[in-house]
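Chains as they are written, first to last, in our numbering: chain A, 1 to 297; chain B, 1001 to 1297; chain C, 2001 to 2297; chain D, 3001 to 3297. Just so it is clear, CB atoms sit at the ideal spot from N, CA and C, and this is done for glycine as well.
Protein chains: 4
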Amino acid sequence: EENMTMNLVERLRPKFTIDNELIRAFIAELFCTGFLVVGFFFSLFFLLLFLLFCCFQFGGECVNAQYVLSQGKNNEWIGISVGWGLVLMMAVLMGSRISGAHLNPAVSFFQVTQGKMNWIRFLVYVVAQNIGAFLGAFGVFCVYFDAINVFEGGNRTVTGHTATASIFATYPGPFLGTFNAIIDQIAGTLVLCLGVAAITDRRNEIPSFLQPAWIGALLAFLGMSMALNAGYAINPARDFAPRLFSLCAGYGWEVFSYRDYKWFWIPIICPMIGGVLGAWIYEFFIGYHIQDDAALE
Amino acid sequence: EENMTMNLVERLRPKFTIDNELIRAFIAELFCTGFLVVGFFFSLFFLLLFLLFCCFQFGGECVNAQYVLSQGKNNEWIGISVGWGLVLMMAVLMGSRISGAHLNPAVSFFQVTQGKMNWIRFLVYVVAQNIGAFLGAFGVFCVYFDAINVFEGGNRTVTGHTATASIFATYPGPFLGTFNAIIDQIAGTLVLCLGVAAITDRRNEIPSFLQPAWIGALLAFLGMSMALNAGYAINPARDFAPRLFSLCAGYGWEVFSYRDYKWFWIPIICPMIGGVLGAWIYEFFIGYHIQDDAALE
Amino acid sequence: EENMTMNLVERLRPKFTIDNELIRAFIAELFCTGFLVVGFFFSLFFLLLFLLFCCFQFGGECVNAQYVLSQGKNNEWIGISVGWGLVLMMAVLMGSRISGAHLNPAVSFFQVTQGKMNWIRFLVYVVAQNIGAFLGAFGVFCVYFDAINVFEGGNRTVTGHTATASIFATYPGPFLGTFNAIIDQIAGTLVLCLGVAAITDRRNEIPSFLQPAWIGALLAFLGMSMALNAGYAINPARDFAPRLFSLCAGYGWEVFSYRDYKWFWIPIICPMIGGVLGAWIYEFFIGYHIQDDAALE
Amino acid sequence: EENMTMNLVERLRPKFTIDNELIRAFIAELFCTGFLVVGFFFSLFFLLLFLLFCCFQFGGECVNAQYVLSQGKNNEWIGISVGWGLVLMMAVLMGSRISGAHLNPAVSFFQVTQGKMNWIRFLVYVVAQNIGAFLGAFGVFCVYFDAINVFEGGNRTVTGHTATASIFATYPGPFLGTFNAIIDQIAGTLVLCLGVAAITDRRNEIPSFLQPAWIGALLAFLGMSMALNAGYAINPARDFAPRLFSLCAGYGWEVFSYRDYKWFWIPIICPMIGGVLGAWIYEFFIGYHIQDDAALE
């Protein structure tokens, strides 16, 4: 298609290729998780800026800001869930050839329990995912520095009508009890990892060029069905690292102490449990029963 | 891609594989129908919780709950129809290699009439589908136990503004007469099974890795066009088993006696008729006229 | 996958296969156009019934019917455009192996001008498309007979707030002049047929299993961008035959005399012009310049 | 599929094929960019006409035009972002076999920096892209001449409630500072070109028939996440040429002098920087680390 034989990209390749496979995987996990987080947060910022924009354009003369706020959330939710699905598809597409594009400690962890990964590689992946998510949150904060200031009038706030902390990490609604929150995070990650296990199982013969799109569609479905309880973190790195960043950015210790320390660890620990459950449930109920002669080899 | 030669999943495979093909199919139908029902009901719960969330966050100061209710339904309908299409795609993707992933007695029944399945297998499938749907409904109820209590104040109700019975089974709108309801369920299942017959017909040469996605798109279309009359049950197992569960869960006998017993059997019997009509109409008008030399073999 | 060797469908095949290729094509065009029209109108009915449903459920206490009407249209438009795209995909998927699935006299006509079809076949296709569209409209009318009666109180009306004639055929908004309407229909069909020519051009090497989906996506795009001026009929059969049906169904002669006979012929004649323009513009600007050595053969 | 051996299209082919590859590429870039711009602007017009339509139909009796305006924007945004994604997919699909379908000077420019294109070809492409965008804007203006007049009462206006200049070129919201606008355009094009580089990298093995769809999905994601700050121009030709056209069409010099000349050059220069950054960042973090033995050849 394009004459790539001796173009600059190809000439520079030998100089920049990294020989060590684990370092390559580290970079891919870091970069793609960062990309994912940037995409996630841009989607959320879009919503906030959209509301800002409406307020600026029409002033106080026609709309009640709170009303718009509820309106906007209503209307754009489909955009957020589809948007997150698309950004996950892009991130998986980029990283899958290098590191497998887990992008989620829960996915890496269930692979450890299945003997597909050892603990050293697991640690490398988790560190990369958290650094990527932290840098992604930092990038978003730089780009939207003014917008955040305008929106909340200079006060970083975790709760209330002008709170922007929920852009960086999830905070559940008031109606959700701690036990229910634990169930919610386990169930969400269970469905995610069950689907990932099904999509990536060689025996289901899904072409590798379609797998990122199917995984993105799975996340879009989760966004349409399991997002509201507690914002479907279902990913320890995507929730913890940006929460740490928001602490550094001046939101105060409340990002961790929210609900008397009864929340922040839930999207860290529960997805690990849910991921393992989902992946093994897939094997016991479906994977083990696909006839061997139907497998690719 | 991944070194799966001797990982734990593969080592355990021989121990957990089931030899009997019919039992494998039973498990796959049960599991995937359960997955489907969980996905369906999560989508509906999302809507309800979304409204709850709005009420909690903005209190009585800005929104009228009923208005929000109608608003929410408006805005999120696209999310529900697309979400259901995606969850069906995932469920078919998982089960298709083992049982064919009918997930619907109407689909199993038209295959009996076409001589592709015998009656014993039909019974096994239908039992599995109903058990799966019942367990799926139970799973959703456990996860959202508190949310249901908050929403309806502890009273399980079948009709009225705070009714949650419609999460488990369909209840038609007041404008729909019995005769029209019968036509509606027959027509919906007819379109569904006509489409399924077209998508799975070998002569149309749709790759097997795309068929789950196309079937999901078909359901999404049905959700965008035929859902409102009576909630597009178009699946006896998806409607009857959760209705039975809601009886057990304390919604009372009204779940069956609704409309003087003039509703509950309609989404059980009519889809069977519509499914057979749709599949045979496809054969007579399209399937039989695709030239033989174009077939794959 | 399934043992189809001697099932009932296969045993009946030789008895019902039609030898004459033109008759097969006639049936396929008729059936698939009917399917398409049923799908189109179900999408529109969905909208109307949705509004009805809201009114019934919440009564006069919270919503102004007209406000809901405009709201509903807003909110569901994405559902309609995506829904129509999906039903076109299904209809093309079913008919493409038999008749090519034109489903639109404008598409058939540009193929005549390109020497891919003769006039006799063109006439057969157009007759089939119109009969299919008429029967499709009849089917929808039967299913929704009560709903139409409830909605407009028994009076079939072409214009005004409770008009349902616009379900069967298109009626442009008041701001649209006749000349602009002509341009609009030509431009819409031009984009449609340009896209169809690009998607079906062998030289673009789009697999035949993806072409129905791409054509559906094209129609969804048109629904998102060119639908409002005059409802994107862009298909003489889809507009004329249901209009004739609505005359028979008691909407009165106004369905043709609307705007002093300055409308009904526009979506009949203009798409023929636009289709030819679009298909040839594609060839002159793109098709002729794709290098021969890149073609499949 | 179709007997194309000696039809009119094929007979005319030798007469209209252009031998010079660069001229062919010029025509393809011009035509497809024009198609893209027509599609983009039709999507925006759809929104405006939709609002008009609501006003006409329901008059002053039920809705406040400004309220509708904000409502409409809310509701249809998903339609615009998906619609733009689909039209980009169609445009890339048409042009990719001839010119590579850059359709964006930023994409052409990063290919120059990567040694895949020389400066002469770059100039040819940029000229074609700008002429295409200008002609596309002209086409839309012709089709919607009356609608624009009705909407703004004959006064071409750049700012305010009835402004239609924003259909042709982007104008940022008032809350956006110049520095932030620069960052915004760089970041948007960075994500776009990073994604394009990933999707078109042979080593990622995405089939060429899927690449246009994936690029369209990427733009849809950008529309869902980065559109509001300044309308995601992220394409110098798509912004500058229609802006020039709107000057010719009577909107006055304000289209360039907006914000004291502190805006119009930002979507021209910044995307060039962002595109180069994005494409090289992809190579350094991902592209160079995909193992060679996994490449297609």
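Taking all protein chains shown into account, do 16 or more other C-beta atoms lie within 10 angstroms of the C-beta of CYS2270/C, making it buried, or fewer, making it exposed?
For the purposes of this step, residue 2270/C is taken as the residue at position 270 of the third sequence. Flag for CYS2270/C reads buried.
If I measure Cβ to Cβ from PRO1242/B and keep anything under 8 Å in the same chain, skipping five residues before and after, which residues do I get?
Residue mapping note: residue 1242/B aligns to position 242 of the second sequence, counting from 1. Once the five neighbours on either side are set aside, the close Cβ partners of PRO1242/B are VAL1037, PHE1041, ALA1133, PHE1134, GLY1136, ALA1137, PHE1168, ALA1169.
Contacts of PHE3087/D in chain C (Cβ-Cβ under 7 Å)
Reading the fourth sequence from its first residue, position 87 is the one you call residue 3087/D. One detail in the question is off: residue 3087/D reads as Val in this sequence, not Phe. Here the neighbours are PHE2221.
Using a Cβ-based criterion (distance less than 7 Å to any ligand heavy atom), does GLY3250/D qualify as near the ligand GDP?
In the structure on display, the ligand GDP does not appear, and there are no ligands present to speak of.
DSSP-derived helix/strand/coil call for THR17/A:
What you label residue 17/A is simply residue 17 of the first sequence in a count that begins at 1. Looking at THR17/A - three-state DSSP - the assignment turns out to be coil, as it is neither helix nor strand.
Hey, how far is the Cα of GLY83/A from the Cα of ALA217/A?
The sequence position of residue 83/A within the first sequence is 83, counting from 1. The sequence position of residue 217/A within the first sequence is 217, counting from 1. Their backbone Cα atoms lie some 10 Å apart in a straight line.
Interface residues of chain B facing ILE2018/C [CB-CB closer than 9 Å]
What you label residue 2018/C is simply residue 18 of the third sequence in a count that begins at 1. Going along chain B in sequence order, the residues near ILE2018/C (Cβ under 9 Å) are TYR1288, HIS1289.
Could you tell me which chain B residues have their CB closer than 7 Å to the CB of ALA233/A, listed as they occur along the chain?
Working through the first sequence from its first residue, we reach residue 233/A at position 233. Near ALA233/A there are no residues of chain B at all, since even the closest Cβ is about 16 Å away, more than 7 Å.
At a Cβ threshold of 8 Å, is LEU3218/D touching chain A?
Residue numbering aside, residue 3218/D sits at position 218 when the fourth sequence is read from its first letter. With 8 Å as the cut-off, LEU3218/D counts as an interface residue toward chain A.
Test: PHE31/A CB closer than 8 Å to a CB of chain D:
Your numbering for residue 31/A matches position 31 in the first sequence. PHE31/A belongs to the set of residues whose beta carbon lies under 8 Å from a beta carbon in chain D.
What three-state label does DSSP hand GLU186/A in the structure shown?
Locating residue 186/A in the first sequence gives position 186, counting from the first residue. Before going on, a small fix: residue 186/A reads as Ile here, not Glu. Helix.
Output needed for GLN1291/B: all residues of its chain with C-beta closer than 8 Å, excluding positions within five of it in sequence on either side, in chain order.
On the second sequence, residue 1291/B is found 291 positions in, with the first residue counted as 1. Cβ neighbours of GLN1291/B within its own chain (closer than 8 Å, five residues either side excluded): none.
Please confirm if the region 2192-2207 of chain C is in contact with the region 1192-1202 of chain B, defined as three or more CB-CB distances below 8 Å between the two stretches.
no
Taking the beta carbon of GLY3060/D as the centre, do at least 16 other beta carbons fall within 10 Å, making it buried, or is it exposed?
Counting from 1 along the fourth sequence, the entry for residue 3060/D is found at position 60. Any answer about GLY3060/D is weak, because its pLDDT of 32 lies below 50 and its placement is not dependable; what the coordinates show is given next. So GLY3060/D counts as exposed.
So is LEU51/A buried or exposed if we call it buried at 16+ other beta carbons inside 10 Å?
Numbered from its first residue, the first sequence carries residue 51/A at position 51. At LEU51/A, the pLDDT of 47 sits below 50, so the modelled position is not reliable and the matter cannot be decided from this model.
So with CB distances below 7 Å, who are the chain A contacts of ASN1007/B?
Locating residue 1007/B in the second sequence gives position 7, counting from the first residue. Residues of chain A passing the Cβ test: GLN114, GLY115, LYS116.
PHE2056/C versus LEU277/A - alpha carbon distance:
Looking up residue 2056/C in the third sequence gives position 56. Looking up residue 277/A in the first sequence gives position 277. The predicted model places PHE2056/C with a pLDDT of 43, which falls under 50 and marks its position as unreliable; any figure quoted below should be read in that light. Their Cα atoms are separated by approximately 45 Å.
Starting from THR1113/B, trace the alpha helix (DSSP H) in both directions and tell me its first and last residue.
Sequence index remark: in the second sequence, residue 1113/B carries index 113 (1-based). Per DSSP, THR1113/B belongs to the alpha helix (DSSP H) from 1105-1113.
So PHE1209/B contacts chain A; which residues on that side make the cut at Cβ distance below 7 Å?
Numbered from its first residue, the second sequence carries residue 1209/B at position 209. Residues of chain A passing the Cβ test: GLU205, ILE206, PRO207, LEU210.
Take PHE3026/D as the anchor and find which of ASN3007/D, GLY3100/D, LEU3086/D, PRO3014/D has the nearest alpha-carbon.
Within the fourth sequence, the letter at position 26 stands for residue 3026/D. Measuring from the Cα of PHE3026/D, the nearest candidate turns out to be GLY3100/D.
Closer than 8 Å to chain C by CB, MET1224/B:
By one-based count along the second sequence, residue 1224/B stands at place 224. Yes, MET1224/B counts as interfacial toward chain C.
At the level of alpha carbons, what is the spacing between PHE3110/D and GLY95/A?
As a working mapping, residue 3110/D is identified with position 110 in the fourth sequence. As a working mapping, residue 95/A is identified with position 95 in the first sequence. In a straight line, the C-alpha of PHE3110/D is about 22 Å away from that of GLY95/A.
Taking C-alpha atoms, which residue in GLU1010/B, LEU1247/B, TYR1258/B, VAL1092/B lies nearest to PHE1031/B?
Position 31 of the second sequence, counted from the first residue, corresponds to residue 1031/B. PHE1031/B has its Cα closest to that of VAL1092/B, out of GLU1010/B, LEU1247/B, TYR1258/B, VAL1092/B.
Measuring alpha carbon to alpha carbon, tell me which residue in LEU3086/D, TRP3119/D, VAL3009/D, ALA3106/D is nearest LEU3022/D.
As a position in the fourth sequence, residue 3022/D is number 22, starting the count at 1. Here the closest residue by C-alpha is TRP3119/D.
Establish whether the CB of VAL3037/D and some CB of chain C are separated by less than 8 Å.
The residue given as residue 3037/D occupies position 37 in the fourth sequence. Not one chain C Cβ lies under 8 Å of VAL3037/D.
Count the other CB atoms, across all protein chains shown, that sit within 10 Å of the CB of CYS193/A; report buried if there are 16 or more and exposed otherwise.
Sequence index remark: in the first sequence, residue 193/A carries index 193 (1-based). With 16 or more Cβ atoms within 10 Å of its Cβ, CYS193/A is classed as buried.
Cutoff 6 Å; reference THR1189/B; Cβ partners in own chain excluding five residues on either side
Your numbering for residue 1189/B matches position 189 in the second sequence. If we look at THR1189/B and ignore the five residues flanking it on each side, its Cβ neighbours are ALA1106, ILE1234, PRO1271, GLY1274, GLY1275.
Check the Cβ-Cβ distances between VAL1127/B and every residue of chain A, and say whether any is below 8 Å.
As a first step, residue 1127/B is located in the second sequence; it is residue number 127 there, counting from the start. Closer than 8 Å: no.
Within 10 Å of its beta-carbon, does GLY2223/C have 16 or more other beta-carbons around it, so buried, or fewer, so exposed?
Within the third sequence, numbered from 1, the residue matching residue 2223/C stands at position 223. Classification for GLY2223/C: buried.
Hey, does ASN3180/D have any beta-carbon neighbour from chain A nearer than 8 Å?
Position 180 of the fourth sequence, counted from the start, is the residue given in the question as residue 3180/D. Yes, ASN3180/D counts as interfacial toward chain A.
With the cut-off set at 8 Å, would you say VAL1143/B and ILE286/A are in Cβ contact?
Indexing the second sequence from 1 puts residue 1143/B at position 143. Indexing the first sequence from 1 puts residue 286/A at position 286. It is not a contact, given that the beta carbons lie outside the stated cut-off.
Residues that ASN1107/B contacts on chain A, provided the C-beta gap is smaller than 7 Å
As a working note, residue 1107/B is residue 107 in the second sequence. The sequence shown places Val at residue 1107/B, not Asn. Result: empty, since nearest Cβ-Cβ is about 19 Å, beyond 7 Å.
Among TYR3288/D, PHE3256/D, PHE3122/D, whose alpha-carbon lies nearest the alpha-carbon of PHE3240/D?
Counted from its first residue, the fourth sequence places residue 3240/D at position 240. Of TYR3288/D, PHE3256/D, PHE3122/D, the residue nearest in Cα terms is PHE3256/D.
Mind checking if PHE284/A is an interface residue toward chain B, Cβ cutoff 8 Å exclusive?
As a first step, residue 284/A is located in the first sequence; it is residue number 284 there, counting from the start. Cβ-Cβ to chain B under 8 Å: yes for PHE284/A.
Coil, strand or helix - ALA2128/C by DSSP
Within the third sequence, the letter at position 128 stands for residue 2128/C. Assigned with DSSP and collapsed to three states, ALA2128/C falls in helix.
Would you mind telling me which residues of chain C sit closer than 7 Å to ALA3230/D, beta carbon to beta carbon, in chain order?
As a position in the fourth sequence, residue 3230/D is number 230, starting the count at 1. At a beta-carbon threshold of 7 Å, none of the residues of chain C lie near ALA3230/D; the nearest stands roughly 22 Å away.
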